[in-house]
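With our numbering, letter number 277 in the sequence shown gets 1311, and the count goes up by one each step, no holes.
Notes for the one structure printed next.
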Amino acid sequence: MEILLGKMGEVVLKGLNRRQFENRMLKNIRYRLNRIGRFKVYAVQSAVYAEPESGDADMDAAFAAMQKVFGLVLVSRAYRCEKDITDIIETVKRELAADLKRAKTFKVEAKRSDKSFYMKSPEISAEVGGALHDAFDGIAVDLKNPEVTVFVEIRDYAAFVHTDPVAGAGGLPGGTAGRAALLLSGGIDSPVAAYMMAKRGLELEAVHFFSYPYTSERAKQKVLKLAKKLVEYCGYMTVHVVPFTRIQERIQRDYPEEYFTLIMRRSMMRISEAVARLNECTALITGESLGQVASQTVEAMAVTEAVTAMPVFRPVVGMDKEEIVKIARRIDTFETSILPYEDCCTVFTPKHPKTKPRLSAILELEEKAPLDELEKEAVDKVERIQILMRTEIGE
1035 MEILLGKMGE VVLKGLNRRQ FENRMLKNIR YRLNRIGRFK VYAVQSAVYA
1085 EPESGDADMD AAFAAMQKVF GLVLVSRAYR CEKDITDIIE TVKRELAADL
1135 KRAKTFKVEA KRSDKSFYMK SPEISAEVGG ALHDAFDGIA VDLKNPEVTV
1185 FVEIRDYAAF VHTDPVAGAG GLPGGTAGRA ALLLSGGIDS PVAAYMMAKR
1235 GLELEAVHFF SYPYTSERAK QKVLKLAKKL VEYCGYMTVH VVPFTRIQER
1285 IQRDYPEEYF TLIMRRSMMR ISEAVARLNE CTALITGESL GQVASQTVEA
1335 MAVTEAVTAM PVFRPVVGMD KEEIVKIARR IDTFETSILP YEDCCTVFTP
1385 KHPKTKPRLS AILELEEKAP LDELEKEAVD KVERIQILMR TEIGE
């Protein structure tokens, strides 16, 4: 019987609350697999098992989905068999034949979690390896650099065999660290920031600022497409679309040009905090990278962060663009991020922005031309768009 076998990562290092982390991870896995087929999902001995309960389950789609579940560091397509050396050998010969026929070299690695099993791990490896060497022509044993490794795991109630596992998403299960609001633009950085904080166990609420007609409907759809890419890892997300046009027009009218971006960012942070509190979030997330643009100097970030009492997480703050792009490509957001539909951050961009602002000067400007009524109106008119996972992987 083919199953999916996942190995837990740092979850196993947890103490008395480990069960909470495991239960949340199992819940997240079930949520993903329920959109593919019927699976029995459970955890035993630091491993997660997903067994199909019907013959028509799409194992390819399920395998792809499991690789994106935070908390798992390795995922394998494995086969369950009896804890009997003869049945183990026959299962390997039958189920892993395609891999072994393609390879010129192999080795067997055995792990005996059930110490009552009548053979020790080296004995299992030798017995299975010898049988496979005899059964498959032209294949040799190579213990250092084999083309294929056959894994045999003897666990409490069954044995499992599989070839090399693939990397999982790692991190901590989503939802174990609380909830945070992400300032999601249409650029490269904020989706990467979202992924990195979701990997640390945060559920995400996205806040997007939309300035129609200065930004087009296509820019909004681009952001929703990015959110759909992210939910393959996060599981689900609500995008809170903030109507930002009137605020930006007021900033252009009432503030010195060199302060446009700083005042805009402070307004965004105030609105995002209000949306965050309405949705039980306890932190904000931005895609700021130190020194990347004028509004991301130390002084500018200090001025924008000063408006909120919430922690502000900046997971890409110390990364260069190449590092950020590398992650964006891996999580499949890069090609969407570079679509030529600009977001509101490019509206009314000053020619010579203030890079070393003083908070006292900012406060004086805001006192003369307050934005609080417009910000309250924007929060009241937020459009909420729920993003769920696709019903099938690859749909």
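Note that CB positions come from ideal geometry on N, CA and C, so glycine has one too.
What's the C-alpha gap between residue i and residue j?
i	j	result
K1360	G1220	17 Å
F1140	E1181	6 Å
A1308	V1413	7 Å
A1334	V1276	23 Å
V1348	D1092	With the sequence shown as reference, residue 1348 is identified as Arg, and Val is not the correct amino acid for it. Using only the alpha carbons, I get a separation of about 38 Å.
R1189	K1149	9 Å
E1251	P1374	12 Å
E1426	G1321	Bear in mind that the predicted position of E1426 carries a pLDDT of just 45, short of 50, making it too unreliable to give a figure here.
A1096	M1042	17 Å
T1383	R1300	15 Å
T1370	P1247	21 Å
E1431	A1211	One cannot answer for residue 1431 here, as it falls past the ends of the chain, which runs 1035 to 1429.
I1285	M1353	31 Å
Y1289	Q1330	20 Å
L1050	S1147	22 Å
A1169	L1216	56 Å
Y1270	T1120	45 Å
L1067	A1098	10 Å
R1392	Q1326	20 Å
R1418	N1179	53 Å
Answer with yes or no whether the minimum CB distance from residue i to chain D is below 8 Å.
i	result
T1389	The structure shown contains no chain D; it is built from a single protein chain.
Leaving out five residues before and five after residue i in sequence, what residues of the same chain have Cβ atoms less than 7 Å from its Cβ?
i	result
F1368	I1222, V1359 and A1362
A1232	F1104, G1208, L1238, Y1267 and C1268
T1279	S1245, Y1246 and Y1248
In chain order, what residues of the same chain lie with their CB nearer than 8 Å to the CB of residue i, ignoring the 5 residues before and after it?
i	result
V1186	I1122, V1126, V1142, E1143, A1144, K1145, I1158, S1159, V1162, A1193, F1194 and V1195
L1218	S1224, P1225, A1228, A1240, V1241, H1242, V1257, L1260, A1261 and V1273
V1175	T1139, F1140, K1141, G1163 and H1167
I1281	M1298, S1301, L1405, L1408, E1409 and A1412
Would you decide whether residue i is buried or exposed? Buried here means 16 or more other CB atoms lie within 10 Å of its CB.
i	result
V1337	buried
K1263	buried
E1266	buried
A1214	buried
A984	For residue 984 there is no data in the structure shown, the boundaries of the chain being 1035 and 1429.
P1404	exposed
P1199	buried
R1064	exposed
R1136	exposed
T1249	buried
Y1191	exposed
V1078	exposed
Measuring CA to CA, which of the options is closest to residue i?
i	options	result
I1365	V1103, G1209, A1091 and A1095	V1103
K1390	E1356, A1328, R1072 and E1400	A1328
T1183	F1170, L1134 and L1324	L1134
R1072	H1167, C1268 and A1084	A1084
G1208	R1299, L1405, K1061 and L1166	K1061
M1153	I1070, K1117 and A1174	K1117
P1387	A1077, P1086, M1298 and L1236	M1298
C1115	E1357, L1206 and I1037	I1037
K1385	L1399, G1325 and F1294	F1294
L1206	S1245, N1057, L1067 and M1303	N1057
T1342	M1303, T1331 and E1314	M1303
D1094	I1070, Y1289 and A1395	I1070
G1235	A1203, A1253 and Q1255	A1203
A1340	V1351, L1296 and L1177	L1296
Kindly list the residues whose CB is nearer than 6 Å to the CB of residue i, restricted to its own chain and excluding five residues on each side of it in sequence; keep chain order.
i	result
M1344	E1307, A1317 and L1318
K1048	F1055
Threshold first: 4 residues or longer. Then list the alpha helix (DSSP H) segments lying entirely within the region 1059–1102, N to C.
1093–1100
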